[in-house]
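This note's numbering puts the sequence shown at residues 555 to 876. Step one of this worksheet: look at the structure below.
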Amino acid sequence: MKPSILVARAVFPEVLQKLAQHFEVESNQSDETWSKAQLTDKLRDKAGAFTTGTDRIDAEVLAACPQLKICANMAVGYNNFDIAAMTAAGVLATNTPDVLTETTADFGFALMMATARRMTESEHYLRAGQWTKWSYDMFAGSDIHGATLGILGMGRIGQGIAKRGAHGFGMNVVYHNRSRLDAASEAACKARYVSKEELLKTADHLVLVLPYSAASHHAIGAAELAQMKPTATLVNIARGGIVDDAALAAALRDRRIAAAGLDVFEGEPAVHPDLLTVPNVVLTPHIASASVPTRLAMANLAADNLIAFFTQGKALTPLNAA
Ligand code: 8YV
Numbered sequence: 555m556k557p558s559i560l561v562a563r564a565v566f567p568e569v570l571q572k573l574a575q576h577f578e579v580e581s582n583q584s585d586e587t588w589s590k591a592q593l594t595d596k597l598r599d600k601a602g603a604f605t606t607g608t609d610r611i612d613a614e615v616l617a618a619c620p621q622l623k624i625c626a627n628m629a630v631g632y633n634n635f636d637i638a639a640m641t642a643a644g645v646l647a648t649n650t651p652d653v654l655t656e657t658t659a660d661f662g663f664a665l666m667m668a669t670a671r672r673m674t675e676s677e678h679y680l681r682a683g684q685w686t687k688w689s690y691d692m693f694a695g696s697d698i699h700g701a702t703l704g705i706l707g708m709g710r711i712g713q714g715i716a717k718r719g720a721h722g723f724g725m726n727v728v729y730h731n732r733s734r735l736d737a738a739s740e741a742a743c744k745a746r747y748v749s750k751e752e753l754l755k756t757a758d759h760l761v762l763v764l765p766y767s768a769a770s771h772h773a774i775g776a777a778e779l780a781q782m783k784p785t786a787t788l789v790n791i792a793r794g795g796i797v798d799d800a801a802l803a804a805a806l807r808d809r810r811i812a813a814a815g816l817d818v819f820e821g822e823p824a825v826h827p828d829l830l831t832v833p834n835v836v837l838t839p840h841i842a843s844a845s846v847p848t849r850l851a852m853a854n855l856a857a858d859n860l861i862a863f864f865t866q867g868k869a870l871t872p873l874n875a876a
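Below you can see the structure in the form of structure tokens.
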């Protein structure tokens, strides 16, 4: 008998077909939003799960699902998983590294440019019929080329953004990370390691690409925003909760920094109401990895993790040693 799995969210039909060759699949192609109790109920008799960042797997869920052996996340980030609880329960966790690096770095760079050059703010103005004449300072923003690019979190995506900035736009790249990169990686990115304080003080454009954890909760709050240049921009493509969104909205309103670009939010899909009222912020709905080829590659890697685990006893990109 084929093992039974749950695909918790809608996914590409071809990926579902591939999974159906190996598993009894219960899927959610209508993409209903399940409560934790509903998710737990659906997982109760399953050996595997195909999850996304919106599906929380913690000790409570695991306790109700003793047959569960693996959860394959279609995301590189995995803060929806309680890895310690999964390891304790003998449940393997996998994610989708590498396949989304370049696409997400492209988006981070695009969001930084849109933020610095006030693209959505000016589009709203045009659409509202307010554009009646040219003026010397209309939507004048800040430059990208030659500016100082600050990166907080220098993993694969951070390095991708650094390379775009250093090699494509002649930016001066500084970064801060839990651990310093080796010399060869720093040279490839033309990036200089600095303290968090120096990063905040010197960046013209600060991009956040660090994973969410208790340690990175509100890594950018009122105190950090106060250290940034009043002309600086801030981009968050990492996770909601890394920025204190209320503090950011206040800083944007008072022009304590120039602008922000946000793809992720605390408590998303809800967005802090104050962010919706300030003009100097570009807002996108968590789409940094959303190119068609990349989303397909992510879905295939999550599916291939399930297939490899059940057919060869070994997943491709494991996160724990369950
Ligand atoms: C996903 C992401 O779209 O990979 C990640 O960590 O944030 C995004 O690429 C999202 O998490 C859906 O699972």
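Positions of the beta carbon are idealized from the N, C-alpha and C atoms, including for glycine. All of these numbers come straight from a predicted model, not from anything done at the bench.
In the displayed model, VAL789 falls within a strand according to three-state DSSP. Counted as a single uninterrupted DSSP element, the alpha helix (DSSP H) harbouring THR658 occupies residues 655-670. For the pair ASP817 and ILE791, the CB atoms are nearer than the 8 angstroms cut-off. For LEU806, the enclosing alpha helix (DSSP H) has its first and last residue at 799-807. Taking C-beta atoms under 8 angstroms as the contact rule, LEU654 and MET852 qualify, at a distance of about 6 angstroms.
Closest in C-alpha terms to LYS556, from the list PHE864, THR871 and ALA875, comes PHE864.
Annotation for ASN854: no beta strand (DSSP E) segment contains it, though the alpha helix (DSSP H) segment containing it runs 846-866. By the neighbour-count criterion, in which a residue is buried when 16 or more other Cβ atoms sit within 10 angstroms of its Cβ, LEU680 is exposed. DSSP places CYS743 within a helical segment (H, G or I) once states are collapsed to three. The beta carbons of VAL727 and GLY714 sit no closer together than 8 angstroms. The beta carbon of VAL630 sits closer than 7 angstroms to at least one heavy atom of the ligand 8YV. Cβ atoms of THR648 and ASN859 come within 8 angstroms of each other, at about 4 angstroms. Residue pairing for GLY602: DSSP places it in a beta bridge opposite ILE559 and ILE624. Between the alpha carbons of PHE819 and GLU778 lies a gap of roughly 18 angstroms. Spatial neighbours of LYS572 in its own chain (CB-CB distance under 6 angstroms, excluding positions within 5 residues in sequence) are listed in chain order as ALA857. By the neighbour-count definition (other C-beta atoms within 10 Å, threshold 16), VAL846 is an exposed residue. In this structure, SER696 places its C-beta atom within 8 angstroms of the C-beta atom of THR785. In this structure, the CA atom of GLY662 is about 9 angstroms from the CA atom of GLY815.
A distance criterion of 7 angstroms places the beta-carbon of THR606 in contact range of the ligand 8YV, judged by its closest non-hydrogen atom. Burial state of LEU830 is exposed, judged by a 10 Å Cβ sphere holding fewer than 16 other Cβ atoms. DSSP links ILE611 through a beta bridge to PHE635. Within the model, the alpha-carbon separation for ASN633 versus TYR766 is close to 6 angstroms.
Within the same chain, Cβ atoms closer than 6 angstroms to the Cβ of ILE774 are found at VAL797, the five residues on either side in sequence being excluded.
MET692 counts as exposed, since fewer than 16 other C-beta atoms from the protein chains shown sit within 10 angstroms of its C-beta. When only Cα atoms are considered, VAL836 and ALA668 end up about 7 angstroms apart.
Between SER749 and HIS730, the C-beta gap is smaller than 8 angstroms, which places the two residues in contact.
Exclusion of the five residues before and after ASP636 leaves ILE611, ASP612 and ALA613 as the residues of its chain whose Cβ lies within less than 7 angstroms of its Cβ.
Membership of THR702 in the beta strand (DSSP E) is indicated by the continuous run 702-706.
By the C-beta density criterion, ASP736 is exposed, having fewer than 16 other C-beta atoms within 10 angstroms. With respect to the C-alpha of LEU762, the residue from LYS755, GLY712 and LYS596 having the closest C-alpha is GLY712.
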